[in-house]
Amino acid sequence: MNILSTLLWTPAFGALLLAFISYKNIRLIRSIAYLSTIFAFLLSCKLLLDFDSSNVDLQFFEYQSLNPKMGSSYALGVDGLSLPMVVLATLLTCISLIASYTINERVKGYHICLLMLEFGMLGVFLAQDWAVFYIFWEVTLIPLFFLIDRWGGKRRHAASLNFVLYTMGGSIFMLISLIAAYEYVPEHVSLMQAMTAVSENMPKDEQVWVLLGFLIGFGVKMPIFPLHGWLPLAHVEAPSPVSILLSGVLLKMGAYGLIRAIVMLPAAAQTLQPLLIFLALFGMIYGGLLAWRQSDLKAMVAYSSVSHLGIVLLGIACLNQRGLTGAVLQMTAHGLIAGALFLLVGLLYERTHTRDIQDYSALIKVMPRFTFLTTIVLLAAMGLPGSVGFIAEFYALLGGFEKWGALMVFFSLSILISAAYSMRTIGLLFTGTTKPAMEKIADLNTHDTLAAGFLVLGIVFFGLLPASMIDLSLATITKMNDVIQLQIKPLT
Amino acid sequence: MKNLVVFIPLIPLLAASYIGVLHLFSVLDGEKSERITARMANYAIGLSCLLALALLGTDLFSQNNDVLIVGEWLNVNDLSIQLRFFTHGFSLKLAALFSILLFIVTRFAVNYMHREAGFHRFFFVLSLFSAAMLMLVLSANTVGTFIGWEIAGLCSYLLIGYMYDRQTATQNATRVFITNRIGDAGFVAGIGLGYLWLGNTNWLEMGELANPLSNQQAELCAFCFALAAFVKSAQLPFTPWLARAMEGPTPSSAIFYGSVMIHAGVYLLFLIQPLLAHAPLVSMLIAIVGLFTAIYATVVGLTQTDIKSSLIFATSGQLGLLFLECGLGFWELAIWHLCAHATVRAYQLLTAPSLLVNVANNPIKPVNAYLAKNTRFYTYALQRFWLEPLTDLIIVKPIQNLASDLNYFDRHILDNLMGSPAPAIRAISSLAQAKEQQIGAHLNNNENSFAQGSGFAGKITQWTADILDWFESRFILRGVSKDAIDYGKRLGRICQSCELMLLKPRYLALFVFITLLVAF
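Residue numbers (my numbering), protein chains in the order written: chain V, 531 to 1022; chain B, 2 to 521.
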């Protein structure tokens, strides 16, 4: 069996195994879940080692025809765009499982859902066929619905319903766009590679409509400014391990899909460029200001995600090499940073049962380890040089500057706002006078520190030595950029 | 064999980090672990010393006339900074001498610092200083030397402020550090100019390449390095910092200002010797400054009454002579003078405390006859020629005034415009407020103090955020999510009632009837 299939089906197999185990045997359930996620993580690491970053083609390609009449096929493969996401997905699933020891009710169902979620996420990133991609896109929805609805906070029903309705609504637009594009594929297959030919055959105005459909479909997940209504509620109400995956990986699915769609329809993207850049910049400032207003820690992180994913959209909207690099880097960077933030906030919530930032004070005295890690992550979230956030923002900024110049002043403004709420959070959480309620909080224990420390290490490591991360995606980004430039050159 | 040169600065550095990290985590703390710390520091510098001596021995026999290139530290375009070390010549000899002195002082300090509160801190800084000093001496690259130069300066700051709870100590430490920054600026400018004009940052190649340099360029470049040397070796007009530096513990005074660090300036002159050959004006300047420093220090030294001060002015005087020798080109003499002076002065400063005990009842030697007669001159010397108040008047005061003006501008104009940071607004000004915050009640302010801005920019941010928040909650959260679901429910109910209506028998019959009618 090929490595990608093994990687993809490992979590599914783990979930299947769990189904036959008695719900009382909690230890066994947890260890099987651990084993299968760690195995998946190791496989993805092996993938990383075997990956040839100078090769622009798809690697480890697997092909199995599913429905010859429709042209759909079970095709898996990785390139420089999807590989970082695959590794991120397996890593963050491990981390969120480590953080899941606080879930003590309905453990079996929880772990089955989490493994199925990983299965869906990996499928989305590994699929090289739009039909399979769409199926996996929907597969992620179901476990996530249950995870929020069953193990969430007070308003979990509203949150999960909201989430599903939004995403379903979005995916309908995506499906229509996919079918519309499929009509123009000469060979009538739904392979991603074959679908890039669409832009040559399709009339221009139709391309724009198709891209708009994709924009809505992926924009809901990403989220892009007016379509983010599900996000604050879902992030706040989801149990913290799920929040890690939700913001660390699932949001990236939207960005990932959008990049693939834009490579397919570059000419339409050029037409929509003003809209995209407006949505990106507005979303960044909008998300930032709302994050600044939130006194709920989780809501603050959730809105900051809106702001940070705006950077990804901005990078994509640049339609040039640097912008795309920025977008791809920001996807990884935000995955690490938001994952770490939700993990830390979740761990804090477990100890104090309050998310209101104003209730906290002088935590540095009782939780030095927590303070140390959280401060680094918050600084990285505001894009401090030396952290991975800076590298990504810098590339996106360069790309944007190349294209629009002075308009990037709004980019700087949003970074300023993110600095405002990050610094305020650091100040309010860790400094100030001691409050009686905050005097007896246990610091992070060993495996919390290990989980958070691993992410923080990644944040700092890739911030100091970004070359390894950039080289991984460089060839693919160059190829995508060439495709885009080829299509938009005649028009300009 | 010559590869071992890397370890000479590295071993004390490792010892320093070992002591520092363990002390930070309170593993090494208090009297019990003094032995470990002392042993660590002693072994490290001892080992370095042995290595340096061994290298010196092989150098004397084999004359390995080159440098060791360890690797590249930085490479940007055509700027390449290499990590390279001297394995030959004066640098190695000086490294051997300094490491011996460092070892002796470290050993001496074990007993001297016993049961001091900052025992571990002292040895941490001392080991770090040893590493920095050996790096300074051995590095064959300007940047490497500068790194050692800076770390040594930092260590000097830390040890002058060793008793950081005493105000004079911290004030002196800061003053010394800032004075030294002038020299550092000169050093950096020298490196920059050297790279700009010679395209190189290695000492040896800089010397070789100096030939095509125009006179002014050579003068300017040499002057920058000479400025650094003046400050580090306490030449006029920077001499007063040396007297202030005596605040630290005696072993540190001995090693920093008596024998090792104070000679770094002279050593720098040795390094730029080829450059100085093209810069006669700067050589002259060095000679003149050295001469005046020697005279100044001798005169002032004659009026000093405490042992440390008189020793330190004597040091200053000898350094002035060294500069004079260098300026006039007597390099060989200067080398011997430097080594001899470093050794003797270290001995004198280390024995100063016990000397005081031994000579406790001896009669005090009267003031020099000429000075005693010339009371005005005596006063000048006693006041150290008002060198420090003069600097304060010319440099420090104007800068302070400028700063206070800028501060005024910042507070009254910029803060109103841009807003001040939140902690400044939330700062607690009374005990009642502190209590209030502690119990979490906000008695005086009813409005929510969260997400408030001050100043013009702050208010705009706040209002924008308010508007966006209203938009978000009204349209995005409630409008789309909740209201849409409500509308959906209502629509569903209407459909359901239609359905129920349609299923009633009379409508069903009507429906069937209409269908039949249409069909036929």
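For each residue, glycine too, the CB sits at the ideal point set by N, CA and C.
If you're wondering where the values come from, they're calculated on a predicted model, not measured in any experiment.
>> Closest to Leu155 (chain B) by C-alpha separation, out of B:Trp74, B:Arg116, B:Leu351 and B:Phe257, would be which residue?
In response: Translated into the one-based positions of the second sequence, residue 155 (chain B) becomes position 154. Here the closest residue by C-alpha is B:Phe257.
> Hey, how far is the Cα of Ser254 (chain B) from the Cα of Lys970 (chain V)?
Replying inline: Your numbering for residue 254 (chain B) matches position 253 in the second sequence. Your numbering for residue 970 (chain V) matches position 440 in the first sequence. If I take the Cα positions, the gap works out to 46 angstroms.
>> My assumption, with CB atoms under 8 angstroms, is that Leu849 (chain V) sits in contact with Gln800 (chain V). Please give the rounded CB distance.
In response: Position 319 of the first sequence, counted from the first residue, corresponds to residue 849 (chain V). Position 270 of the first sequence, counted from the first residue, corresponds to residue 800 (chain V). That belief holds up - the Cβ atoms of Leu849 (chain V) and Gln800 (chain V) are roughly 7 angstroms apart, short of 8 angstroms.
> Whose Cβ in chain V lies nearer than 8 angstroms to the Cβ of Leu478 (chain B)?
Replying inline: Against the second sequence, residue 478 (chain B) aligns to sequence position 477. Residues of chain V passing the Cβ test: Gly759, Pro762 and Leu763.
> At a Cβ threshold of 9 angstroms, is Leu674 (chain V) touching chain B?
Replying inline: Stepping through the first sequence from its first residue, residue 674 (chain V) is reached at position 144. Not an interface residue.
> If you draw a straight line from the alpha carbon of Asn555 (chain V) to that of Gly856 (chain V), how long is it in whole angstroms?
Replying inline: Mapped onto the first sequence, residue 555 (chain V) falls at position 25. Mapped onto the first sequence, residue 856 (chain V) falls at position 326. Between Asn555 (chain V) and Gly856 (chain V), the C-alpha separation is close to 46 angstroms.
> Which value, in whole angstroms, describes the spacing of the CA atoms of Ala458 (chain B) and Leu415 (chain B)?
Replying inline: Numbered from 1 along the second sequence, position 457 holds the residue referred to as residue 458 (chain B). Numbered from 1 along the second sequence, position 414 holds the residue referred to as residue 415 (chain B). One C-alpha to the other measures close to 10 angstroms.
> Whose C-alpha, out of B:Ser81, B:Leu103 and B:Trp471, is nearest the C-alpha of Asn142 (chain B)?
Replying inline: Position 141 of the second sequence, counted from the start, is the residue given in the question as residue 142 (chain B). Nearest C-alpha to Asn142 (chain B): B:Ser81.
> Closer than 9 angstroms, CB to CB, is Ala629 (chain V) near chain B or not?
Replying inline: For the purposes of this step, residue 629 (chain V) is taken as the residue at position 99 of the first sequence. Not closer than 9 angstroms to any Cβ of chain B, the Cβ of Ala629 (chain V) fails to qualify, so no.
> Going straight from the alpha carbon of Glu448 (chain B) to that of Ser566 (chain V), what length do you get?
Replying inline: The residue given as residue 448 (chain B) occupies position 447 in the second sequence. The residue given as residue 566 (chain V) occupies position 36 in the first sequence. Here Glu448 (chain B) scores only 47 on pLDDT, less than 50, and its place in the model should not be relied on; the value that follows carries that caveat. Taking the straight line from one Cα to the other gives about 52 angstroms.
> So what's Val875 (chain V) in DSSP terms, helix, strand or just coil?
Replying inline: Numbered from its first residue, the first sequence carries residue 875 (chain V) at position 345. Three-state DSSP puts Val875 (chain V) in a helix.
> What's the C-alpha gap between Gly988 (chain V) and Thr905 (chain V)?
Replying inline: Translated into positions along the first sequence, residue 988 (chain V) becomes position 458. Translated into positions along the first sequence, residue 905 (chain V) becomes position 375. In a straight line, the C-alpha of Gly988 (chain V) is about 15 angstroms away from that of Thr905 (chain V).
>> Out of B:Ile395, B:Pro281, B:Tyr268 and B:Leu403, which one is the CA nearest neighbour of Leu339 (chain B)?
In response: For the purposes of this step, residue 339 (chain B) is taken as the residue at position 338 of the second sequence. Minimum Cα distance to Leu339 (chain B) is reached at B:Tyr268.
> Over what stretch of residues does the alpha helix (DSSP H) that includes Gln218 (chain B) continue unbroken?
Replying inline: Reading the second sequence from its first residue, position 217 is the one you call residue 218 (chain B). Start and end: Asn216 to Lys233.
>> Quick check: the Cα distance between Met646 (chain V) and Val617 (chain V), rounded to an integer number of angstroms?
In response: Along the first sequence, one-based indexing puts residue 646 (chain V) at 116. Along the first sequence, one-based indexing puts residue 617 (chain V) at 87. The straight-line gap from Cα to Cα measures roughly 17 angstroms.
> Under three-state DSSP, which class holds Arg636 (chain V)?
Replying inline: Taking the first residue of the first sequence as 1, we reach residue 636 (chain V) at position 106. The answer is coil: DSSP assigns Arg636 (chain V) none of H, G, I, E or B.
> Does Leu695 (chain V) come within less than 9 angstroms of chain B when only Cβ atoms are used?
Replying inline: For the purposes of this step, residue 695 (chain V) is identified with residue 165 of the first sequence, where counting begins at 1. Cβ-Cβ to chain B under 9 angstroms: yes for Leu695 (chain V).
> Looking only at DSSP bridge pairs, what is Glu73 (chain B) linked to?
Replying inline: The count along the second sequence starts at 1 and reaches residue 73 (chain B) at position 72. In DSSP, Glu73 (chain B) forms a bridge with B:Gln83.
> What is the DSSP secondary structure of Leu155 (chain B), reduced to helix, strand or coil?
Replying inline: Translated into the one-based positions of the second sequence, residue 155 (chain B) becomes position 154. Here Leu155 (chain B) sits in helix by DSSP.
> From Thr670 (chain V) to Gly544 (chain V), what distance separates their C-alpha atoms?
Replying inline: Start at 1 with the first residue of the first sequence, and residue 670 (chain V) comes out as number 140. Start at 1 with the first residue of the first sequence, and residue 544 (chain V) comes out as number 14. Thr670 (chain V) and Gly544 (chain V): Cα-Cα distance of roughly 16 angstroms.
> Excluding five sequence neighbours on each side, which residues of the same chain lie with their C-beta closer than 7 angstroms to the C-beta of Tyr833 (chain V)?
Replying inline: Taking the first sequence and counting its residues from 1, the one referred to as residue 833 (chain V) is at position 303. Taken in chain order, the residues that qualify are Pro762, Gly817, Leu820, Ala821 and Gln824.
> Which of helix, strand or coil does DSSP assign to Tyr604 (chain V)?
Replying inline: Here residue 604 (chain V) corresponds to residue number 74 of the first sequence, with the count starting at 1. Here Tyr604 (chain V) sits in strand by DSSP.
>> Less than 9 angstroms between CB atoms is the rule here; does Gly21 (chain B) satisfy it with respect to chain V?
In response: The count along the second sequence starts at 1 and reaches residue 21 (chain B) at position 20. Not one chain V Cβ lies under 9 angstroms of Gly21 (chain B).
> Can the beta-carbon of Leu139 (chain B) be found less than 9 angstroms from the beta-carbon of Pro10 (chain B)?
Replying inline: Against the second sequence, residue 139 (chain B) aligns to sequence position 138. Against the second sequence, residue 10 (chain B) aligns to sequence position 9. In this structure, Pro10 (chain B) lies closer than 9 angstroms to Leu139 (chain B) by Cβ.
> chain B beta carbons: is any one of them nearer than 9 angstroms to that of Leu819 (chain V)?
Replying inline: In the first sequence, counting from the first residue as 1, residue 819 (chain V) sits at position 289. Taking Cβ atoms only, chain B reaches closer than 9 angstroms to Leu819 (chain V), which makes this a yes.
>> Using DSSP's beta-bridge definition, name the partner residues of Tyr593 (chain V).
In response: On the first sequence, residue 593 (chain V) is found 63 positions in, with the first residue counted as 1. Paired residues: V:Ala605.
>> I need the DSSP call for Ser583 (chain V), collapsed to helix, strand or coil.
In response: The residue labelled residue 583 (chain V) in the question sits at position 53 within the first sequence. Reduced to three states, the DSSP call for Ser583 (chain V) is coil.
> Would DSSP call Ala118 (chain B) helix, strand or coil?
Replying inline: The count along the second sequence starts at 1 and reaches residue 118 (chain B) at position 117. Reduced to three states, the DSSP call for Ala118 (chain B) is coil.
> Which bits of chain B does Arg899 (chain V) rub up against, with CB to CB less than 7 angstroms?
Replying inline: Your numbering for residue 899 (chain V) matches position 369 in the first sequence. Correct list: empty, because the minimum Cβ distance to chain B is about 12 angstroms.
>> Counting only C-beta atoms, is Val529 (chain B) closer than 9 angstroms to chain V at any point?
In response: Only positions 2 to 521 of chain B appear in this structure, which leaves residue 529 (chain B) out of reach.
>> Under 8 angstroms, CB to CB, which of the residues in the region 153 to 169 of chain B have a partner in chain V?
In response: none
> Considering only C-alpha positions, which residue in the set B:Ala244, B:Pro275 and B:Leu277 is nearest to Ile263 (chain B)?
Replying inline: The count along the second sequence starts at 1 and reaches residue 263 (chain B) at position 262. Ranking B:Ala244, B:Pro275 and B:Leu277 by Cα distance to Ile263 (chain B) puts B:Ala244 first.
> Per DSSP, Asn532 (chain V) is paired with what?
Replying inline: Here the question's residue 532 (chain V) lines up with position 2 in the first sequence. Partner(s): none; Asn532 (chain V) has no beta bridge.
> Can you tell me whether Tyr508 (chain B) is buried or exposed, with buried defined as 16 or more other CB within 10 angstroms of its CB?
Replying inline: Here the question's residue 508 (chain B) lines up with position 507 in the second sequence. Tyr508 (chain B) comes out exposed.
> alpha helix (DSSP H) containing Met725 (chain V): first to last residue?
Replying inline: Mapped onto the first sequence, residue 725 (chain V) falls at position 195. It spans Met722 to Met725 - the alpha helix (DSSP H) in which Met725 (chain V) sits, taken as one unbroken run.
>> For a test of your reading of the model: does the CB of Leu511 (chain B) fall under 8 angstroms from any non-hydrogen atom of the ligand COA? Yes or no.
In response: The ligand COA is not among the ligands present in this structure, which contains no ligands whatsoever.
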